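So the number in the working numbering is just where the residue sits in the sequence shown, counting from 1, plus 567.
We put the CB at the ideal spot given by N, CA and C, even for glycine.
Values in this document were obtained by computation on a predicted structure and should not be read as measured data.
Structure record follows, encoded as structure tokens.
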Amino acid sequence: MTHERFLTVPSSGEAARPFAILCDEAEAALPPGFPADVSQVLVALDIDGTILTPAGATERVLEGIHGLSAAGAQVVIATGRALEGVTPVLEVLDFTDGWALCNNGATLVRVRGGDCEIVEEHTFVPGPVLAEIAGALPEAVFASMPHPDTLLSAPFPNNEIEGTDRRVVSMEELASTPTPKVVVREPGMDRDHFESVLASLAVARTHEVFVGWTSWADIEPKGVTKASGLEELRVRLDVPGDGTVAVGDGTNDIAMIQWAAFGVAMGGASAEVRSHARHVTAAVENDGAAAVMHALMHRCGGR
């Protein structure tokens, strides 16, 4: 299924492999104690670089999401995006009922009949964080996501920040407004240098800092990750720990890949992300996440 171009992770350049082989490899990698009852399974899917290409979502990805959901599994969209950036993706996925974990685990959203309701949210007042980072990176631009607004210190390059309610505001307003996430972007800086600067600051010890595939970082409250949000949801839904699956490709996915009984890294992921996974599937352009979902359906009798 294609759609208007999405601003997401570019192709990895990975060579294609037969989809059936990818499915077989994923099924063979499942833990020995993985449930045979699909109703005891929770599957957490990252968006960018995992189920979404710049052209949208493929038919195999859609078949996997809807097949697992119809069979009784809990399919969770787990992303660093704010709710405003998730909504158009849910529409493309035709994901009308289920759960979405936004802002790297800070915002839990219930999706019912296509409507989204924030069930729980962890926020912080970002003043000290903004002051420290602005001092070290004077050319950086910032964004804050206090739903339903998106507050910017200046326009982001290439309209990278999602949402229609974007407002450029003063640093004072940014600093004083509670938010589930702050984004830092320094488009003129090399990604690795950007990461090293952030790692040298106090914010790296006082908050969760996730650097993306460019000089972009998400800042969250300490202890708030996709793993913490998924664990809260797992308990809420009474899903056993040995039935948890997480598929992702970024540094913000490492925590949930470690948390899951079956943690999967995408083929386009870095060596660091791959090192934490039980299984490495194909890259997003080669339907790696879809192969995992189809393997789960086969293993649990969902097709």
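- Pairwise C-beta distances place the stretch 827-844 out of contact with the stretch 698-708, as fewer than three of them are shorter than 8 Å.
- Between Ala-638 and Ala-603, the alpha-carbon positions lie close to 12 Å from each other.
- The Cβ atoms of Ser-579 and Ala-813 lie no closer than 8 Å to each other.
- Ranked by Cα distance from Ile-786, the options Ala-771, Ser-606, Gly-616 are led by Ala-771.
- Sixteen is the threshold: when 16 or more other Cβ atoms of the shown chains lie within 10 Å of the Cβ of Val-608, as they do, the residue is buried.
- Residue state for Leu-741 is assigned as helix, using DSSP reduced to three classes.
- Between Val-643 and Leu-597, the C-beta gap is not smaller than 8 Å, which leaves the two residues out of contact.
- When DSSP reads this structure, Leu-675 sits in a beta bridge with Leu-668, Glu-687.
- Positions of the alpha helix (DSSP H) runs, each at least 4 residues long and wholly inside the stretch 576-629, are given as 586-596 in order along the chain.
- When C-alpha distances from Met-738 are compared across Leu-719, His-714, Phe-723, Asp-816, the shortest belongs to Leu-719.
- Excluding sequence positions up to five before and after Leu-804, its CB lies within less than 6 Å of the CB of Gln-641, all in the same chain and listed in chain order.
- In the structure shown, Leu-719 adopts extended strand secondary structure according to DSSP, grouped into three states.
- The count of Cβ pairs closer than 8 Å, one atom from the stretch 787-801 and one from the stretch 754-763, stays below three, leaving the stretches out of contact.
- A Cβ-Cβ separation of about 14 Å leaves Ile-685 out of contact with Arg-648 under the 8 Å criterion.
- In summary, Asn-819 is buried, with 16 or more beta-carbon neighbours lying within 10 Å of its beta-carbon over all protein chains present.
- About 7 Å separates the Cβ atoms of Val-840 and Gly-817, confirming a contact at the 8 Å cut-off.
- The alpha-carbon of Arg-584 is positioned some 28 Å away from that of Gly-600.
- Here Ile-824 carries a helix assignment [DSSP, helix/strand/coil].
- In terms of Cβ geometry, Glu-630 and Asn-853 do not form a close pair [threshold 8 Å].
- Between the alpha carbons of Ala-698 and Glu-626 lies a distance of about 45 Å.
- One Cα belongs to Met-712, the other to Glu-687, and the distance between them is close to 15 Å.
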